[in-house]
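Quick mapping for you: the protein sequence lines, in order, are chains A and B. Numbering-wise (the UniProt record's numbering), the first sequence opens with residue 1 and increments by one. Numbering-wise (the UniProt record's numbering), the second sequence opens with residue 1 and increments by one. From the three backbone atoms N, C-alpha and C, an ideal C-beta is built for every residue, glycine too.
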Amino acid sequence: MRLYSLALAVLAALVWSNTSMGQTSAKAHVKPDDWQAYKSHFVDTSGRVIDDANGKISHSESQGYGLLLAYLANSKADFDLIWSFTRTEFLLRDDGLAVWKWDPNSKPHVTDSNNASDGDILIAYALTLAGSGWNRNDLTATAKTMIRAIGKANVIEAQKQLLLLPGVTGFSAADREDGPVINLSYWIFEVFPKFAALDQATDWNRLGKDGLSLIDVARGGPRSLPADWISARTVFKPAKGFPPEFGYNALRIPLYMMRAGVTDRAQLEPLRQGMSPDGTNVAIVDIPSGTATETLTDPGYTIIPALVDCVLDKKKLPESVRSFRPTLYYPSTLHLLSLSFVYGQHPECL
Amino acid sequence: MKKSTLLILPIIAAFAGVAAVQLDYVPALATTNGSVRPAMPESGDPAQDAQAQDGYVVVQSGRAPKTQAPKPAAPAPGAAPAPKVDETALRYFARQGDKRRLEAEIARLRALYPGWTPPDDPTSVAPQADTALDAMWKLYAAGKLPELRKAIQERQTSEPGWKPPADMLQLVELAESREQLINASDLKQYDTVIRIGSSHNSLLTCSDVDVLWRVAEAFAKTDRAARAKDAYGYILDNCTKPEERLATVQKALPLLSRTDLDVLLAREKTNKDGGKEFDSIRNDLARKAVADAGSDPKLAVSPADMSRVEKLANDIVEPSDPLILGWYYLRRNDPVSAEKWFRLSHDRENAASSSQGLALAMIAQSRPAEAEATIYEWRDSSDGAKAVYMAAVANLLAQDPPVEIAPAILQRMVPEVMMAKDANAAQQLGWYAYLLNQFETASGWFSTALLWKPDDEPSSYGLVLTREQLGDTAGVADIQRRWAGKSDRIARLGELRNTRQRGLVPSPERFGTDTLTATQPTTNPGATLPQDGSGVAATPLSTTLAPTLADRVAETIARTRATQPQNSQYQTEPLQPAPEPRRTRSLQQTTVNTGQRASRGCTTTIDPQTLSPDRAVTRGWCLMDMNRPLEAAAAFERGLLSRSEAAKSDAAYGQSLAYLRAGLADKAAVAASKARQRQSRQIELDTALLASRATDSFTAGRYNEALLALDQRARIAPERNDLMVLRGYAYLNLNRLSDAQRVFEAVAATGSKDGLRGMATVRAIRNKEY
């Protein structure tokens with residue numbers, strides 16, 4: 001059974017990487033009003049993208065999302081605003097990657113020089129898109145350097161798979177007893193073909209395909225969901241020191257898959273079933289017991305299973321998720337990324 | 001100027017293998033030293049004039065009038081036409097009176113366009129009507145770079161065809177890079193610092209010396225000392241502000257070798273008053289050289305540095321400089337000079353550090369009594385001071401020929417030995433008593449030493465000799481059995497004696513007790529001296545002091561055997577080790593006990609209940625002296641009935657100490673609470689009780705309780721090494737490996753083998769785990 005689904009996954013991945021990626025276009029898919037609303041809540045005048053649920057800190061992820069959304073909203077001015085801050089405050093590491101955390105309440109604001117590879121990927125991706133979409137060679141050049149650095153420092157091969165380490169330090173087999181530890185929601189599948197076009201030092205397409213197949217391998221428990229943090233040392237299982245749950249990280253996996261053009265029912269259906277026990281809301285699920293420890297009703301979360309229905313069954317999106325109203329940074333970000341996907345690829349679901 | 005250009009270029013080019021150092025950037029490094037020569041502004045507009053004056057008055061002070069201002073050289077025939085230089089930023093800063101940015105901009109443009117000359121009057125152009133552009137420059141001046149970026153883009157969108165001045169784009173890029181460089185530098189991302197510095201030569205100017213410092217630091221921190229030296233040298237060659245020049249050398253101080261620093265110092269200027277601008281730094285350097293040599297005897301100090309520090313020590317009436325010299329000479333086995341300097345420091349301020357040094361110098365000159373007197377008052381100031389005190393005690397006791405130690409001194413030494421649980425000092429007390437033919441007391445001390453250090457051969461040897469003197473053949477046999485195969489001299493006790501009887505006294509080495517450790521502190525006294533800064537390690541002061549005692553014992557044995565084994569004719573002053581210094585009993589006992597051992601006040605067995613409470617207390621202390629703690633406890637129990645609060649307190653104190661010595665911590669705690677105690681005594685008891693409780697809990701496998709007791713104790717007294725080791729093993733048993741590692745490292749840093757052993761254990765466990 002597992003073998004079968006793995007084969008399917010690989011097949012799907014092949015199809016996906018060869019065709020769908022061309023669909024992402026530089027056209028504005030985040031509506032100006034929505035962007036304006038997002039900006040007024042989560043972007044300050046200095047270009048800092050604020051995680052208001054986490055002590056108003058910023059991180060490489062929030063800066064990356066901000067850049068990506070500014071690009072999708074076709075706002076060059078806001079892109080430059082956020083980029084200026086990101087470059088001077090985050091792109092500090094000797095290896096060319098971004099530091100992960102910026103705290104307004106500490107001095108200096110950056111106290112920890114570690115990176116987070118999803119933040120690095122988001123920043124490099126936004127630079128890549130803006131570089132080609134707006135003919136900005138300076139952005140493309142920086143994107144290239146970053147992509148090369150991400151591959152060099154964060155991509156490893158283990159168990160015949162290419163894996164993305166969540167950070168340069170703290171996750172590898174040498175750093176942890178149960179290492180390497182991975183986070184499948186750090187695979188932002190839509191970026192890999194773009195990265196492959198700019199950098200040949202890392203096999204980015206293979207990284208994407210391997211990641212896609214790992215989602216099936218990593219699923220477990222009564223609800224058959226992957227955990228946020230997974231030990232890839234031997235048999236894939238929830239990593240030590242993290243709650244063994246399908247949580248705030250993993251819930252964006254189906255969104256990333258769909259944005260990258262995955263339409264395979266065998267892959268999307270189980271995630272949709274697992275993550276939404278009542279069919280509408282999204283659950284944080286304790287993997288071993290399969291119980292929902294939290295139920296999320298923010299439209300930024302509930303739009304994700306609805307999006308699967310749209311992609312697989314052409315179901316229209318429920319009213320509750322169609323319009324954007326800023327709530328908190330993270331669900332609002334996911335909401336805009338989801339809406340931009342619907343506007344661009346599935347207007348029939350509106 | 002030319003020279004410095006050549007100098008910095010290889011620095012920059014070598015950083016990151018960036019070959020992209022454009023030649024037209026080179027002059028930036030040579031010419032941008034902040035001296036700008038704009039001429040007097042001349043304008044018909046008084047308002048503008050005033051503004052310009054404000055902005056310029058400092059910049060151009062003493063400059064030539066307009067007519068003499070440097071003019072752009074007429075282009076030579078056939079030369080390339082002068083490039084069009086964008087002066088908008090320059091003019092904006094001039095109008096704003098922003099002198100610092102104006103200077104920087106002029107420097108930057110000069111670097112970019114070598115033939116370019118600043119306009120005579122940057123304010124002369126009528127203010128631009130372009131208020132939007134002005135607003136942008138305002139953002140730039142306020143350092144709001146992301147907002148400026150945004151404003152540029154917004155205008156380009158709203159006004160298709162509009163282009164920002166090229167100048168502005170360059171400046172904002174440069175300013176962003178500067179921010180990035182500084183943030184990276186704060187985060188110790190030195191490769192990033194060098195990468196940005198190498199690709200932005202315009203940042204490396206005297207008008208922004210902080211950036212130059214950070215780049216130089218990044219070189220030094222990435223093992224490119226020569227580049228760092230060149231970068232600092234560049235500043236000294238080109239930049240003129242005195243405070244920045246001084247700061248430059250100060251920043252280089254911890255990062256460069258002395259040789260490199262001397263190269264930098266050679267570029268110093270002479271002040272108007274004839275002084276050298278880096279004199280203060282030369283002083284600090286000399287101090288550091290001497291201090292370093294004080295902790296590492298392999299380091300040589302130049303005669304110039306030596307005499308500079310000696311002059312400073314004499315001229316400046318402060319304790320710190322002579323202290324540096326003291327440690328230096330002590331480390332160089334010149335205790336006479338060391339004493340001279342320590343004494344000078346000590347005379348200026350009686351402090352723990354100078355007292356420690358002075359005591360060590362005295363010990364090294366075989367004057368342990370003076371050492372004891374000097375360090376006594378500081379003994380509790382640090383572990384290092386305690387170690388020095390114990391060394392003084394051990395050496396004092398180990399003197400040859402044995403000297404009479406004043407009862408008061410002996411009495412204050414004993415509780416220190418007890419509290420420190422210093423096995424070596426206890427052993428020396430044993431030998432001291434032995435030499436005075438106080439064999440029971442000697443036996444008590446050797447036993448005590450063995451309690452603290454069970455595998456101590458010299459103490460076992462002392463004990464076996466003592467037991468023999470006391471005719472305890474079973475006891476002798478017991479020790480011999482336990483040391484069978486491990487100590488030749490214990491095994492061959494009888495033979496040795498026979499040899500000696502024949503007049504063949506073995507060499508002192510044969511008796512080689514653990515004397516080296518007896519004569520030097522086990523911890524590093526210098527390490528605890530902040531004002532010394534040199535981290536002076538304890539010198540092996542004298543390896544010849546202590547063996548003589550054992551030697552002496554050998555003689556005594558020979559003599560006593562030769563005459564009468566049980567004769568007490570060689571007895572001199574009785575040794576009265578006691579755990580409590582201020583005590584009237586000592587006087588009484590001195591009078592009571594002047595002679596024979598047999599006549600001591602408490603050798604007979606008396607039921608304490610038959611004594612008056614006060615007499616019972618006296619007897620209790622006497623029994624403590626005999627190291628018969630359980631009997632002493634009973635005597636003190638009787639003493640608790642005294643009507644005098646002071647005597648009751650005394651009795652409770654004595655009983656608590658007695659139970660502690662007997663290893664009955666719980667009873668000791670109860671006893672301590674039977675009467676109010678002076679605070680110092682209370683602390684003393686609490687400290688000992690908690691240590692005892694920690695040990696008991698540990699032995700019983702209750703590690704968390706052991707840690708709890710140690711933590712409580714640490715709040716009232718510094719943690720001794722042996723307790724830190726205990727703490728380490730408690731962590732280890734609780735599988736708190738990192739904590740154990742940290743503790744053992746700290747212990748090991750004092751030079752303790754126990755610490756190293758602990759670290760090895762942690763390592764072994766870790767290796768097995770992974």
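Query	Result
Beta carbon proximity, residue 92/A to chain B, threshold 8 Å	yes
For residue 102/A, the three-state DSSP class (helix, strand or coil)	strand
CA-to-CA distance, residue 171/A to residue 121/A, given in whole angstroms	17 Å
Distance between beta carbons of residue 49/A and residue 63/A, contact taken as under 8 Å	5 Å
Assigned secondary structure, residue 41/B (DSSP; H/G/I helix, E/B strand, else coil)	Note that residue 41/B scores 33 on pLDDT, short of 50, meaning its location in the model is unreliable; the coordinates nonetheless yield the value given after this. Residue 41/B: coil per DSSP, three-state reduction.
Span of the alpha helix (DSSP H) around residue 428/B	423-435
DSSP state of residue 51/A mapped onto helix, strand, coil	strand
Chain-ordered residues of the stretch 141-152 of chain B with a beta carbon less than 7 Å from chain A	145, 146, 147, 149 and 150
Per-residue DSSP class, three states only, for residue 245/A	strand
Cβ neighbour criterion (16 or more within 10 Å) applied to residue 320/A	exposed
For residue 113/A and residue 231/B, the rounded distance between their alpha carbons	26 Å
Chain B contacts made by the stretch 167-184 of chain A, where a contact means CB separation under 9 Å	177
Bridge partners - residue 730/B, DSSP secondary structure assignment	Answer is none; residue 730/B lacks a bridge partner.
Contacts of residue 76/A in chain B (Cβ-Cβ under 7 Å)	153 and 157
Under 9 Å from the C-beta of residue 210/B: neighbouring residues of chain A	By Cβ distance, chain A contributes nothing, its closest Cβ being about 15 Å from residue 210/B, past 9 Å.
Three-pair Cβ contact test at 8 Å for the stretch 211-221 of chain A versus the stretch 138-146 of chain A	no
Cβ neighbours of residue 205/A in the same chain (closer than 8 Å, five flanking residues each side left out)	17, 192, 193 and 196
CB contact flag (residue 689/B, residue 714/B, <8 Å)	no
Spatial distance of residue 624/B from residue 446/B (CA atoms)	15 Å
Contact with chain C by residue 80/A, beta-carbon distance below 8 Å	Protein chains in the displayed structure are A and B, and chain C is not among them.
Secondary structure of residue 231/A, DSSP reduced to three states	strand
Contained beta strand (DSSP E) runs [length at least 3] in the stretch 693-720 of chain B, N- to C-terminal order	none
Listed by chain order, chain B residues near residue 45/A by CB distance under 7 Å	147
Cβ of residue 104/A within 8 Å of any chain B Cβ	no
Three-way DSSP call (helix, strand, coil) for residue 585/B in this model	Note that residue 585/B scores a pLDDT of 29, beneath 50, so its modelled location is shaky; the value from the coordinates is reported in the next line. Of the three classes helix, strand and coil, the one that applies to residue 585/B here is helix, per DSSP.
Cβ contact (3+ pairs, closer than 8 Å) linking the stretch 93-112 of chain B and the stretch 194-213 of chain B	yes
Paired residues, beta bridge with residue 161/A - DSSP	158/A
Cβ-based neighbour list, residue 148/B, same chain, cut-off 7 Å, excluding 5 preceding and 5 following	136, 139, 140 and 172
Unbroken alpha helix (DSSP H) run spanning residue 305/B, endpoints	303-315
Whole-Å CB distance - residue 460/B paired with residue 451/B, under 8 Å assumed	Contact flag wrong, Cβ pair sits at about 12 Å.
Three-pair Cβ contact test at 8 Å for the stretch 380-395 of chain B versus the stretch 339-356 of chain B	yes
Inter-residue Cα distance where the pair is residue 681/B and residue 650/B	10 Å
Where residue 69/B sits in the DSSP three-state scheme	With a pLDDT of 34 at residue 69/B, under the threshold of 50, the modelled position of that residue is not reliable, and no figure is offered here.
Any C-beta of chain B under 8 Å from that of residue 108/A	yes
Outcome for residue 253/A when other beta-carbon atoms lying within 10 angstroms are tallied against a minimum of 16	buried
Beta-bridge partners of residue 294/A, as assigned by DSSP	284/A
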